[in-house]
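Written below as structure tokens is the structure these notes are about.
Numbering (this note's numbering), first residue to last: 812 to 1350.
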């Protein structure tokens, strides 16, 4: 679809590419049928001798075995949780549950008592699959401490007993019919603003969104995507797992992100796609091994999950000579809403998040009136279509707040759209700062400050002020020692920004509180400032 001169910030659904009425299990079945001997999955552990490999055919066989074992203990439609880091068995369980008609509840492996209790109790999970220990913490002990608070939980299966569990399935067990509209996962939102909510993702949304992702990345047989993203997140188990499967390409699953390991995997496994949130890609580019590894097969960088700085895109262009595909995503949207293409101009790759994916309507709404704003004006990004979650599990009030009566998901993100349908993200609606009646968008200030040679990274938040309502506070991770002074930073901002946008407070930090998907938890920065734990260096 070609629309070159939009009058208002609305992009209609592009139906030039058909949706497929499929399930995630069918995606694996189709890949095994057409490319059964092709390597589908590699466990990218540090020891090359320990790297296990599965063809699409083997992966389907093991997923079907897991599905039969699951059906020996659970009924289709029930929810089972997975609480583990990136291991191949996680992926086999994912497809086993999909084939069995179960809903997989994905749990952050770093969750502890309170967070685990919330997810398992709120989802009413009847089973949980877990590793016995993670980072010297006994997950078994944590589960035992909270089990009395989980009345629905019937089964606990350790991944160390995975083979024995799979052997319990009956070879004659029939797999159920699973429909595209059926729930496939409950993914809990990242919690940048508070308590996570369980987004119910359906097969149609996750499978088709990944197919469009494969097209965005131009994936083809022979491609190798190295996946450092956590599987409990939609980027890890959705886009980076199902997109290569659609293309009959290979996924190299990293057990955790480590820049040296990722660079080694890109070289030795012949990686053609380097993926990760911006903090991961910065770590790759800054690592000593970056110039020592042969990365000649890498054809494209894939990033999202957080706002991708233009400086990072330009640096990848200059240092690797490859295009950057950016995905603007949200868990509730399965997850990708818009994306840049390898054929987009360097300016569009650096400064936009691209056009909407096929079949996704997008509009920019006035946060006050709800009306669609003119092209170029900032408002809330809203989307509608096949990709939206079914609901927040067992939370109709939160669902009604997120999805309006016309079916539009209100993302909570501020953004704009140009006359070609290309979108930009300016930050979160709740993060917009209103100082003396003036709207201030933190991303604009952050982009300016990232150009300062003494600034490695920055997060801008609004803090309460009796006179102005809110003032601007900038949390700076310095790139130099000593760090830049606040007078220098103030003068730098005044050369590029209107005076009312210049931060009143400067706070130097070593690191930011982050979600597991790589997003800065700005509400925690604001809380620390208010509590006096973050001491301003100036203002």
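Think of the CB as a built atom: it goes at the ideal place given N, C-alpha and C, for glycine as much as any other residue.
Worksheet item: Using the C-alpha atoms, what's the distance from residue 1083 back to residue 1236?
Response: Indexing the chain shown from 1 puts residue 1236 at position 425. Indexing the chain shown from 1 puts residue 1083 at position 272. Per the coordinates, the alpha-carbon of residue 1236 lies some 28 Å from the alpha-carbon of residue 1083.
Worksheet entry | residue 894 - DSSP class collapsed to helix/strand/coil | Translated into the one-based positions of the chain shown, residue 894 becomes position 83. DSSP places residue 894 in strand when its eight states are reduced to three.
Discussion item. For the alpha helix (DSSP H) containing residue 845, name the first residue and the last one.
Written reply: By 1-based counting over the chain shown, the position of residue 845 is 34. Per DSSP, residue 845 belongs to the alpha helix (DSSP H) from 835 to 846.
Item to complete: Determine the DSSP secondary structure at residue 991, reduced to helix, strand or coil.
Response: The residue given as residue 991 occupies position 180 in the chain shown. Here residue 991 sits in coil by DSSP.
Practice prompt. Compute the Euclidean distance between the alpha carbons of residue 1175 and residue 1144, then round it to the nearest angstrom.
Written response: Within the chain shown, numbered from 1, the residue matching residue 1175 stands at position 364. Within the chain shown, numbered from 1, the residue matching residue 1144 stands at position 333. Distance between the alpha carbons of residue 1175 and residue 1144 is about 16 Å.
Worksheet entry | Test item: CB-CB of residue 1035 and residue 1081 under 9 Å | Looking up residue 1035 in the chain shown gives position 224. Looking up residue 1081 in the chain shown gives position 270. The answer is yes: Cβ separation under 9 Å.
Discussion item. Distance check for residue 1000 and residue 1158, CA to CA, integer angstroms please.
Written reply: To locate residue 1158, count along the chain shown from 1; it is residue 347. To locate residue 1000, count along the chain shown from 1; it is residue 189. In a straight line, the C-alpha of residue 1158 is about 31 Å away from that of residue 1000.
Worksheet item: Over what stretch of residues does the alpha helix (DSSP H) that includes residue 1262 continue unbroken?
Response: Counting from 1 along the chain shown, the entry for residue 1262 is found at position 451. Where residue 1262 is concerned, there is no enclosing alpha helix (DSSP H), given that its DSSP letter is neither H nor E.
Discussion item. Considering just the uninterrupted stretch of the beta strand (DSSP E) at residue 1228, what are its terminal residues?
Written reply: If you number the chain shown from 1, residue 1228 lands on position 417. Start and end: 1220 to 1228.
Worksheet item: What span of residues does the beta strand (DSSP E) with residue 1143 cover, start to end?
Response: The residue given as residue 1143 occupies position 332 in the chain shown. First-last for residue 1143: undefined, no H or E at that position.
Fill in: DSSP-derived helix/strand/coil call for residue 1073
As a working mapping, residue 1073 is identified with position 262 in the chain shown. Three-state DSSP puts residue 1073 in a helix.
Worksheet item: Which residue spans inside the region 979 to 1051 form an unbroken alpha helix (DSSP H) run of at least 4?
Response: 1014 to 1027
Worksheet item: Among all the DSSP beta bridges, which residues are the ones paired with residue 967?
Response: On the chain shown, position 156 is the one that residue 967 refers to. According to DSSP, residue 967 bridges with 939.
Practice prompt. Specify the secondary structure class of residue 919 as computed by DSSP and reduced to three states.
Written response: As a working mapping, residue 919 is identified with position 108 in the chain shown. Of the three classes helix, strand and coil, the one that applies to residue 919 here is coil, per DSSP.
Worksheet entry | Where the beta strand (DSSP E) through residue 906 begins and ends | As a first step, residue 906 must be located in the chain shown, where it is residue number 95. Looking at the DSSP string, residue 906 is not in any beta strand (DSSP E); the run it does join, the alpha helix (DSSP H), is 899 to 911.
Discussion item. Nearest by alpha-carbon distance to residue 1168: which of 818, 1162, 1182, 1151 is it?
Written reply: Numbered from its first residue, the chain shown carries residue 1168 at position 357. Of 818, 1162, 1182, 1151, the residue nearest in Cα terms is 1151.
Worksheet entry | Given residue 881 as reference, the closest of 895, 905, 868, 899 once Cα atoms are compared | The residue given as residue 881 occupies position 70 in the chain shown. Comparing Cα-Cα distances from residue 881 to each of 895, 905, 868, 899, the minimum goes to 905.
Discussion item. Using only the alpha-carbon positions, how far apart do residue 1078 and residue 1062 sit?
Written reply: To locate residue 1078, count along the chain shown from 1; it is residue 267. To locate residue 1062, count along the chain shown from 1; it is residue 251. Cα-Cα distance, rounded: 14 Å.
Worksheet item: Applying the criterion that 16 or more other CB atoms from any shown protein chain within 10 Å of the CB defines a buried residue, is residue 1111 buried or exposed?
Response: Working through the chain shown from its first residue, we reach residue 1111 at position 300. It counts as buried.
Discussion item. DSSP three-state label for residue 1064, please.
Written reply: Taking the chain shown and counting its residues from 1, the one referred to as residue 1064 is at position 253. Note: residue 1064 maps to strand in three-state DSSP.
Practice prompt. Could you tell me the boundaries of the beta strand (DSSP E) in which residue 1318 lies?
Written response: Counting from one through the chain shown, the residue named residue 1318 turns up at place 507. Here the beta strand (DSSP E) through residue 1318 covers 1316 to 1319.
Discussion item. Beta-carbon within less than 7 Å of residue 1337's beta-carbon, same chain only, minus the 5 sequence neighbours each way: which residues are those?
Written reply: Within the chain shown, numbered from 1, the residue matching residue 1337 stands at position 526. So the qualifying residues of the chain are 1272, 1274.
Discussion item. I need the DSSP call for residue 1185, collapsed to helix, strand or coil.
Written reply: Taking the chain shown and counting its residues from 1, one reaches residue 1185 at position 374. Of the three classes helix, strand and coil, the one that applies to residue 1185 here is strand, per DSSP.
Worksheet item: At a cut of 8 Å, does the region 928 to 942 reach the region 964 to 974 through at least three beta carbon pairs?
Response: yes
Worksheet item: Just curious, the beta strand (DSSP E) that residue 865 is in, first and last residue?
Response: Here the question's residue 865 lines up with position 54 in the chain shown. That run of the beta strand (DSSP E) goes 864 to 866.
Fill in: Cβ contact (3+ pairs, closer than 8 Å) linking the region 1057 to 1074 and the region 845 to 853
yes
Fill in: Inter-residue spacing [alpha-carbon to alpha-carbon] between residue 932 and residue 1309
Taking the first residue of the chain shown as 1, we reach residue 932 at position 121. Taking the first residue of the chain shown as 1, we reach residue 1309 at position 498. C-alpha separation (whole angstroms): 49 Å.
Fill in: Spatial distance of residue 1184 from residue 1223 (CA atoms)
Working through the chain shown from its first residue, we reach residue 1184 at position 373. Working through the chain shown from its first residue, we reach residue 1223 at position 412. So the alpha carbons of these two residues sit roughly 16 Å apart.
Discussion item. For residue 1221 and residue 1192, what's the separation of their Cα atoms in angstroms?
Written reply: Counting from 1 along the chain shown, the entry for residue 1221 is found at position 410. Counting from 1 along the chain shown, the entry for residue 1192 is found at position 381. Pairing residue 1221 with residue 1192, the inter-Cα distance amounts to about 7 Å.
Worksheet item: Excluding five sequence neighbours on each side, which residues of the same chain lie with their C-beta closer than 8 Å to the C-beta of residue 1354?
Response: No answer is possible for residue 1354: it lies beyond the span of the chain, which begins at 812 and ends at 1350.
Discussion item. Using the Cβ count rule (16 or more neighbours within 10 Å means buried), how would you classify residue 1245?
Written reply: Position 434 of the chain shown, counting from 1, holds the residue named residue 1245. Looking at its Cβ environment, which holds fewer than 16 other Cβ atoms inside 10 Å, residue 1245 is exposed.
Discussion item. With H, G and I counted as helix, E and B as strand and the rest as coil, what does DSSP make of residue 817?
Written reply: Residue mapping note: residue 817 aligns to position 6 of the chain shown, counting from 1. DSSP places residue 817 in coil when its eight states are reduced to three.
Worksheet item: If you run the structure through DSSP and keep just helix, strand and coil, what is residue 1244?
Response: Position 433 of the chain shown holds residue 1244. In the structure shown, residue 1244 sits in a strand (DSSP, three-state: E or B).
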